[in-house]
Structure formats: structure tokens, C-alpha cells
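Heads up, the thing below is written out as C-alpha cells.
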Amino acid sequence: MVKVRDLNFASVSLGREDVVQRTDPLAQVGGLAAGVGQLLEQKERRDADAYNAKAQTELDMFGQEALEQATVEAESPEQISQIFFDKYKTKRNELLAGAPNDFAKIDLDETFQRMNSAYGKRAVANQAREVQAGRINDLTSSMDDIAGAVRNGMSDEQGLRMINEASQRSASFLSPSRERELREQGVYATKKARLDYLFEQGDLGEVGRLIADKKYNKELTADDIGAYRDALARQKRETAVDNDVIKYLEGKSDFVDPKSKEFRAGVDRVFQNNIEPALFSGDPVQQSIAMTQAMNLTNTTGVLPETMAGYVRAAYVGQEGASKDLAYQFIADLNKKNPAIVRTTTGLNDKQITEAVMYDTLKTDGVPEQDALNIVQASINPENPAVLSVRKEELKSGDAKPEIDIADMFDPGIFAFEPDILDVPGKQIAYEAKYRDLYESYYLMTGNKDVAQKRAEEVFRKNHGVSRITNDDEYVTDYPPESFYSHALFQTVDEDLNHVWMRGQLEEAISTELNKEVNYEQLRVVADGTTQEEVQRGIAPSYGIFIVTGDEEFPEYVGRFMWDQEKALEGRRLELRKKRRSINDGQGWFIDLMEKQEKYAPFR
Numbered sequence: 019m020v021k022v023r024d025l026n027f028a029s030v031s032l033g034r035e036d037v038v039q040r041t042d043p044l045a046q047v048g049g050l051a052a053g054v055g056q057l058l059e060q061k062e063r064r065d066a067d068a069y070n071a072k073a074q075t076e077l078d079m080f081g082q083e084a085l086e087q088a089t090v091e092a093e094s095p096e097q098i099s100q101i102f103f104d105k106y107k108t109k110r111n112e113l114l115a116g117a118p119n120d121f122a123k124i125d126l127d128e129t130f131q132r133m134n135s136a137y138g139k140r141a142v143a144n145q146a147r148e149v150q151a152g153r154i155n156d157l158t159s160s161m162d163d164i165a166g167a168v169r170n171g172m173s174d175e176q177g178l179r180m181i182n183e184a185s186q187r188s189a190s191f192l193s194p195s196r197e198r199e200l201r202e203q204g205v206y207a208t209k210k211a212r213l214d215y216l217f218e219q220g221d222l223g224e225v226g227r228l229i230a231d232k233k234y235n236k237e238l239t240a241d242d243i244g245a246y247r248d249a250l251a252r253q254k255r256e257t258a259v260d261n262d263v264i265k266y267l268e269g270k271s272d273f274v275d276p277k278s279k280e281f282r283a284g285v286d287r288v289f290q291n292n293i294e295p296a297l298f299s300g301d302p303v304q305q306s307i308a309m310t311q312a313m314n315l316t317n318t319t320g321v322l323p324e325t326m327a328g329y330v331r332a333a334y335v336g337q338e339g340a341s342k343d344l345a346y347q348f349i350a351d352l353n354k355k356n357p358a359i360v361r362t363t364t365g366l367n368d369k370q371i372t373e374a375v376m377y378d379t380l381k382t383d384g385v386p387e388q389d390a391l392n393i394v395q396a397s398i399n400p401e402n403p404a405v406l407s408v409r410k411e412e413l414k415s416g417d418a419k420p421e422i423d424i425a426d427m428f429d430p431g432i433f434a435f436e437p438d439i440l441d442v443p444g445k446q447i448a449y450e451a452k453y454r455d456l457y458e459s460y461y462l463m464t465g466n467k468d469v470a471q472k473r474a475e476e477v478f479r480k481n482h483g484v485s486r487i488t489n490d491d492e493y494v495t496d497y498p499p500e501s502f503y504s505h506a507l508f509q510t511v512d513e514d515l516n517h518v519w520m521r522g523q524l525e526e527a528i529s530t531e532l533n534k535e536v537n538y539e540q541l542r543v544v545a546d547g548t549t550q551e552e553v554q555r556g557i558a559p560s561y562g563i564f565i566v567t568g569d570e571e572f573p574e575y576v577g578r579f580m581w582d583q584e585k586a587l588e589g590r591r592l593e594l595r596k597k598r599r600s601i602n603d604g605q606g607w608f609i610d611l612m613e614k615q616e617k618y619a620p621f622r
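The number in the working numbering is simply the position in the sequence shown, starting from 1, with 18 added.
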């Protein structure tokens with residue numbers, strides 16, 4: 019057997035020892051181990067690199083998320099960075115726990131430290147920004163609160179002093195330019211709040227003084243000042259109109275056109291300021307008083323306030339918060355005073371007006387409120403069709419026959435005689451037939467004789483009335499001109515003189531334009547289809563004019579005519595001014611006022 023050592027030999031060649039062959043088994047094993055170790059290390063490196071690449075991506079994505087979560091979860095800005103570091107550290111520990119080997123842990127820790135530093139700076143920056151934003155927000159909120167206090171009545175001097183104090187406290191964390199910007203914003207808001215408060219209080223003189231004060235309004239823009247000036251002018255105009263409405267209600271001023279947009283708006287404001295709070299107070303007594311006041315306001319001015327109209331419409335359709343009892347009473351009372359206003363201003367149809375009249379009639383007869391409401395609904399809208407047949411039979415048999423006295427409808431009760439009807443042949447029969455038709459239609463609608471008669475009279479009076487233009491005694495006629503051309507300036511305690519100026523103007527027109535000398539008793543003023551159409555359109559109506567020259571049955575037609583009220587008013591105002599100047603003690607003026615108050619003061 020050959021010995022192992024005999025297999026080892028060395029040769030020296032050219033100064034170099036070369037190992038020709040090694041046959042030692044241990045040496046061979048050691049070489050193999052070294053090779054395997056290198057392979058294992060290389061694999062661990064590859065695993066570590068792969069894991070670290072994935073972990074770096076996760077840390078990057080989580081860093082963004084952690085920043086956002088920290089900002090949301092922090093109860094104060096100072097907690098943002100700490101919450102972020104805690105979250106990021108937890109994520110790093112989670113990744114370390116999943117690291118495949120030490121190489122991965124070492125590399126991961128290096129990556130974490132680098133990224134933690136970068137995201138940590140951003141977290142601290144976010145925290146600083148949030149703190150700064152919070153301070154600025156606190157300052158802005160403080161200034162808003164100051165402006166709000168001024169808007170509610172605190173003096174602007176106190177508000178401006180508080181703004182200066184808040185600005186000084188902010189100087190330590192704001193740049194001078196930012197501090198100045200926020201302070202100017204606060205001053206601007208406070209001064210506008212003061213002007214708004216003064217407007218609300220009606221102190222227009224102080225508003226005018228402040229917007230003219232260049233020192234005071236230097237923070238305001240030219241547009242602001244222009245807007246306040248426009249608002250001031252508008253408020254002054256509205257106040258003047260409101261005062262005109264109130265004076266008119268008190269009988270202290272001349273008639274104002276109810277069709278005027280400004281006058282209607284003034285009536286709305288007077289209603290809102292003086293009546294509406296009680297109407298919606300929830301107190302039944304106050305609501306009832308408010309309804310009466312609203313009715314008087316509407317009757318006197320000829321204008322139904324928008325809020326009142328809305329309330330009535332809501333009550334009719336049963337909306338919550340609107341009382342049908344109060345709405346019915348309002349319509350019924352207003353209808354008694356002025357049916358034309360109910361028809362033209364409320365938007366209610368004839369059937370709805372009849373509901374209110376029937377309800378009022380039942381209540382007057384002592385029927386309880388809810389019972390009256392039920393009866394009205396059952397009568398106006400009967401569910402059984404046979405009800406209508408029964409009502410028709412009652413009319414046919416005479417059981418529901420009405421009492422007809424046309425002249426009595428227009429008897430004001432203060433004269434010893436009723437107005438005449440027979441100024442035109444056949445008028446009595448025609449009027450009674452027209453009234454009977456109205457009565458029957460309302461009886462079919464309600465089944466109540468009293469209500470039907472009341473409504474028939476009201477509707478009949480709507481298109482008929484008394485006139486004195488062509489006769490010293492009153493006579494009933496269609497669409498009497500006095501109903502459309504009368505004016506309060508021609509009314510006195512003793513007599514309504516509107517027929518006098520209308521009679522004189524008509525005589526003068528016939529004399530000058532037709533060259534005919536006539537006496538008013540020779541004239542006939544006749545309403546026709548054109549008159550009716552003009553009334554329905556809401557314009558001043560014209561009339562056919564006839565002259566009785568001999569035969570009463572065949573008068574001469576001379577043309578159409580309409581009166582010039584403004585011309586008459588100019589003369590009347592001049593007449594009244596002369597009268598007042600002629601009475602040195604002022605008693606004449608006082609008497610005129612008392613006359614108007616007696617007729618037109620609705621709130622007494």
C-alpha cells in the first residue's frame with residue numbers, strides 16, 4: 019500500500035513552489051465547504067436584496083399613508099409628528115419580523131433610517147404648518163366673532179380695539195405682512211358689520227355720515243361705498259313710501275295709487291312690521307286681531323299684502339300652520355267691506371269666496387267652528403250626486419224661493435228713501451231676472467238659502483250700484499261711474515261730492531266738443547259691453563252717452579266718454595289749499611283731517 023504522504027511532493031521551478039497534487043481527504047472536504055458557504059452567502063444576499071426592494075416600496079407607500087393618518091388622528095397639531103414616528107416604527111418592526119436573514123435585517127434597518135429621516139422631516143413640517151394654520155384660523159375666527167358682535171350691536175370702537183389686541187398677539191408667529199393682511203380683513207368686516215347694523219336699526223343718517231367719512235371708510239372698496247349709497251337711497255325712498263302709506267291709513271294724506279309698485283311694496287312692509295308678527299305668534303287672540311288689522315289695511319289701501327295672500331291660499335288647501343277658520347273670517351269680513359278687492363287681490367274663485375261667506379253665516383248663527391267647517395265642505399262639495407237633484411227640486415217647487423228687492427240692496431240706511439231703479443224702461447224686470455239666476459246658482463252650490471241670497475246680493479252689487487250723475491236722487495245702474503272714478507278728496511262728512519265734478523266735466527265736454535248746451539238731467543250714462551270688458555281688464559271704463567231731447571224712449575246717442583280724474587284733482591287740491599289759507603286759526607285743516615280719519619283710519 020502506498021502511504022498518503024508518498025503521494026505528496028513538491029517541486030520548485032523558477033523559484034515558485036507548485037503543489038502538484040494533494041491527496042489529503044480533510045483538505046478536500048475543507049475546500050468543498052468553502053465553496054458551499056460562498057454559494058449560501060450569495061443566496062442570502064439575493065434573498066435580502068429582493069426582500070429589501072419590496073420592503074423599501076412598502077415603507078415608501080406606508081410613509082405617505084402614515085403622514086395622512088397622523089394629520090387626521092392628531093387631536094392637536096403638536097401630535098402629528100409623534101403619531102407618524104410611532105406608526106412608521108411599527109411598520110419597520112413588522113417588516114423586520116418578516117426578514118428572511120440577517121443581511122435583510124441590516125439592509126432594512128439602513129433603508130428605514132434613511133426613509134424615516136426623510137418622512138420625519140415632512141411630518142414635522144406638516145405639524146408646523148398645521149400649528150400655523152390653527153393659529154391663523156383661531157385669529158380669523160376671533161375676528162369673525164368680533165364682526166358678528168358688532169353686527170348684533172356692539173360698538174365698532176370696541177370691535178376695532180379687540181382686533182388690534184388679537185393682531186398684536188399674533189405678531190410672534192406671523193410675518194408682518196401676513197399679520198397686517200389679517201388685521202385689515204378684520205377691520206373691513208367689522209366696519210361693514212357696523213353699517214349693516216345701522217341699516218337694520220333704521221339709522222340712515224349715521225350710515226350716510228360714516229360712508230362719507232374718508233378716514234372711517236378707507237378699508238372699504240369703491241364698490242362697497244357705491245352699494246351702500248345705493249342701498250341708502252333705496253331705503254330712504256322706501257321709508258318715504260312707508261310713511262305715505264301710514265299717513266294715508268291715518269287720513270293725513272291724499273289718495274295713493276294702489277296699482278303703484280312702490281305703494282304696494284310699502285303696504286307689504288307696513289304689514290310685515292306691524293301685523294305679521296302677531297299673525298304668526300300662535301296666540302289665537304293676537305291672530306284674530308291681526309286678521310282684523312290686515313282686513314282693514316287691505317280695504318283701505320286696495321292692496322292685499324303678499325304674506326297675507328299666501329296665508330289665505332295655504333289655509334284653503336289645508337297646509338300646516340294656516341288656520342282655515344281665520345282665513346274664512348278674513349275673506350268674509352273683507353268681502354262685506356269690499357267684494358271687488360277680494361275678487362281681484364286674493365286669487366280665489368267664486369266657489370272659494372262662497373265657502374268663506376257660508377262659514378261666516380253659520381258661525382254667526384252659533385254653529386261651532388268645527389261643525390261649521392264640516393258643513394261647508396259637505397255642502398260645497400257633496401259626495402252624493404242626489405244632493406244636487408234635491409236642491410234643483412227645491413228651487414222648482416218654490417221651497418227655496420228668494421226674496422227679491424233690488425232697491426233695498428242699495429239702501430244705505432241713512433236716507434229716508436231707497437234709490438230709484440226705473441231710470442230706463444224695463445230695468446226692474448231685467449234686474450230681478452239677473453238676481454234670480456245668481457241666487458239659484460248659489461243655492462245649487464250651497465243648499466243654504468241665506469248664504470245663496472247673501473252671495474247673490476254681493477255679486478249683483480259687484481256690477482251694479484247707485485249713481486247721481488244724471489239725477490239729484492240716487493238711481494241703480496250697471497257699473498256706476500262713481501265706483502271707478504270716485505276719490506277721497508271729494509268726500510266730506512255731510513256728502514259725497516264725486517258726482518258733482520263728474521257731472522260738470524261731462525256737461526263741459528258735450529258743450530265744448532259737440533257744441534251742445536245740455537242739462538245733466540237730459541243725459542243718460544249707459545254701460546255696455548265695452549264698459550264691461552274695460553272693467554274686467556282693470557282699466558278706467560268708458561260709457562255710451564245719450565241725450566234725451568224729447569222722447570224718453572229714443573234718446574240721441576252722442577258718443578263714448580271717460581272722465582279725467584287727475585284734472586279734477588288738481589282743481590280740488592287748489593280749492594282746499596285756498597280754503598285752509600283763508601282760515602287763520604287752522605281749524606279748517608283740523609276738520610279736514612278729522613273727516614278723513616273718520617273714514618279711513620283702520621286701526622282704531
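For every residue, glycine included, the Cβ atom is placed at its ideal position computed from N, Cα and C. Computed from a prediction, not measured in an experiment: that's the story for all the values here.
The alpha-carbon separation between Asn182 and Asp174 amounts to approximately 12 Å. Taking the C-beta atoms as reference points, Leu406 is found nearer than 9 Å to Pro400. Ranking Met79, Asn119 and Thr363 by CA distance to the CA of Lys105 puts Met79 first.
Lys472 sits buried, since 16 or more C-beta atoms from the chains shown fall within 10 Å of its C-beta. Taking the Cα positions, Gln554 is about 14 Å away from Pro498. Taking C-beta separations shorter than 7 Å and ignoring five residues to either side along the sequence, the partners of Glu62 in its chain run Asn119 and Phe121, following chain order.
Residue range His482 to Ser485 is occupied by the beta strand (DSSP E) that includes Gly483. Residue Phe217 holds the alpha-carbon nearest to the alpha-carbon of Ala245 among Phe217, Lys445 and Glu268.
Counting the other Cβ atoms within 10 Å of the Cβ of Pro559 gives 16 or more, which makes it buried. Setting aside the 5 residues that flank it on each side, Leu587 is surrounded in the same chain by His505 and Leu507, each with a C-beta closer than 7 Å to its C-beta; the list follows chain order. For Val543, the enclosing beta strand (DSSP E) has its first and last residue at Leu541 to Val544. A residue is called buried once 16 or more other Cβ atoms fall within 10 Å of its Cβ, and Pro302, having fewer, is exposed. The stretch 255 to 262 makes contact with the stretch 277 to 289; the number of CB pairs closer than 8 Å reaches 3 or more. Between the stretch 451 to 458 and the stretch 314 to 333 there are fewer than three inter-stretch CB-CB distances shorter than 8 Å, so the stretches are not counted as touching. Put simply, of Val484, Tyr377 and Arg140 the residue whose alpha carbon is nearest the alpha carbon of Ile349 is Tyr377.
When DSSP states are grouped into helix, strand and coil, Gln509 belongs to the strand group. In this structure, the alpha-carbon of Gln370 lies about 33 Å from that of Glu492. A straight-line Cα-Cα distance of about 12 Å links Asp417 and Gly465.
Rounded to the nearest angstrom, the gap between the Cα atoms of Phe130 and Gln56 is 28 Å. Taking 8 Å as the upper bound for CB-CB distance, Tyr461 and Leu413 are in contact here, some 6 Å apart. Across the set Glu500, Ala312, Leu352 and Ser185, the C-alpha of Ser185 shows the shortest separation from the C-alpha of Gly204. Taking a cut-off of 8 Å on C-beta distances, the stretch 289 to 303 does not touch the stretch 229 to 243, as fewer than three cross pairs fall below it. DSSP places Asp343 inside the alpha helix (DSSP H), whose first and last residues are Lys342 to Lys355. A straight line joining the alpha-carbon of Leu344 with that of Ile264 spans about 25 Å. Shown here, Thr495 sits in a strand according to DSSP, grouped into three states.
With a threshold of 16 other beta carbon atoms within 10 Å, Phe478 meets it and is buried.
Just so you know, the alpha carbons of Ala312 and Ala340 end up roughly 15 Å apart.
When secondary structure is reduced to three states using DSSP, Arg479 falls in the helix class. Here Trp519 is near Arg590, since their CB atoms are less than 9 Å apart. A direct Cα-Cα distance of roughly 10 Å separates Val385 from Ile393.
Cβ-Cβ distances below 6 Å link Pro420 to Tyr457 and Gln471 in the same chain, with the five nearest sequence neighbours on each side left out; the list follows chain order.
In this structure, Glu476 keeps its C-beta atom at 9 Å or more from the C-beta atom of Asn317. In this structure, Ala165 places its C-beta atom within 9 Å of the C-beta atom of Thr208. Between Thr364 and Leu322, the C-beta gap is smaller than 9 Å, which places the two residues in contact. Secondary structure at Val553: helix, using DSSP grouped into helix, strand and coil.
Closest in C-alpha terms to Ala374, from the list Ile398, Ala358 and Thr362, comes Ile398.
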